[in-house]
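For the record, in the sequence shown the residue sitting at position 114 is 114 according to full-length UniProt numbering, with numbers rising by one throughout.
Notes for the one structure printed next.
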Amino acid sequence: MAKNSMRLTGVRKSYGGLEVIHGIDLDVQEGAFVVFVGPSGCGKSTLLRMIAGLEEVTDGEIAIKGRDVTDLDPSDRGIAMVFQSYALYPHMSVRENLGFGLKMARTDAGEIEARVRAASAILKIDHLLDRRPGQLSGGQRQRVAIGRAIVRKPDVFLFDEPLSNLDAELRVSMRIEIARLHRELGNTMIYVTHDQTEAMTLADKIVVLRDGKIEQVGSPREVYEDPANIFVAGFIGSPR
Ligand code: ADP
Ligand code: MG
């Protein structure tokens, strides 16, 4: 039986008395590619940020690899979050951008260099290590943003719409890259998007959200062929 990688139990979030996440229960198997999909404002980012520890959980529990991480700092959870590429440090080289988080965690310099080299080989950015973000294309910058997560060797990768500020063509090629990365690394990945095509092509398991609640969890095929309700049918079936 596949091992459990992440479990959400009764997770809720309120902002100033207004509840926006209404009790989410979810089990994620080790190595799964899980996509949270749903319309803008349904709570995808809030949920991901709670998993990452960037947002406090109002009620409920988050466990990663069987360990309750609900009240732990982001750096102690065994997760790494991939931000949109504009979150890179413009004044640092690619090498420094990749190694910065490890340096802050006081990782030994030789170990940092080894992990930076390994990550840049996987992402095919080894030849760009001395450049600054401003000297890179959009796709290259997004690879660096992913590399910053890889070097931390997380149990779980979290992506919040990493491709949404790329043009359509680049989005397709990066999507293929991310799928390849998942095959090669084998880590659990949690990926947020409002883009149905991205969800359908990347996911092992799709979690369809609406108004802070789960409408359906299933394989792309299940949610497409056997939608739980008219909302899922309309959302998954509709063009972007
Ligand atoms: P999504 O990522 O699916 O577009 P969000 O998670 O960003 O949705 O937002 C979910 C809901 O929570 C929305 O109604 C949004 O207005 C609200 N929200 C998000 N962040 C905050 C905040 N910091 N303060 C108050 N309300 C927030
Ligand atoms: Mg969002």
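All residues carry an ideal CB built from backbone N, CA and C; glycine is no exception.
Predicted model only: the values in this text are computed from it and were never measured.
Check whether the Cβ atoms of T158 and I62 lie closer than 8 Å to each other.
Note on identity: in this sequence residue 158 is Leu, with Thr being the wrong assignment. The answer is no: Cβ separation not under 8 Å.
Under 7 Å from any heavy atom of ligand 2, does the C-beta of E198 make it?
no
Secondary structure at F83, three-state DSSP: helix, strand or coil?
coil
Let me check one thing: in DSSP terms, what residues is N4 bridge-paired to?
Q29
Below 8 Å, can you find three or more Cβ-Cβ pairs linking the segment 190 to 199 to the segment 143 to 161?
yes
At what residues does the alpha helix (DSSP H) containing I112 begin and finish?
A109 to L123
Taking Cβ to Cβ, would you say G212 is nearer than 8 Å to V20?
yes
Tell me where the alpha helix (DSSP H) around E96 begins and ends.
V94 to M104
Quick one: what does DSSP say Q13 is sitting in, helix, strand or coil?
A quick correction: the sequence has Lys, not Gln, at residue 13. The answer is strand: DSSP assigns K13 an E or B state.
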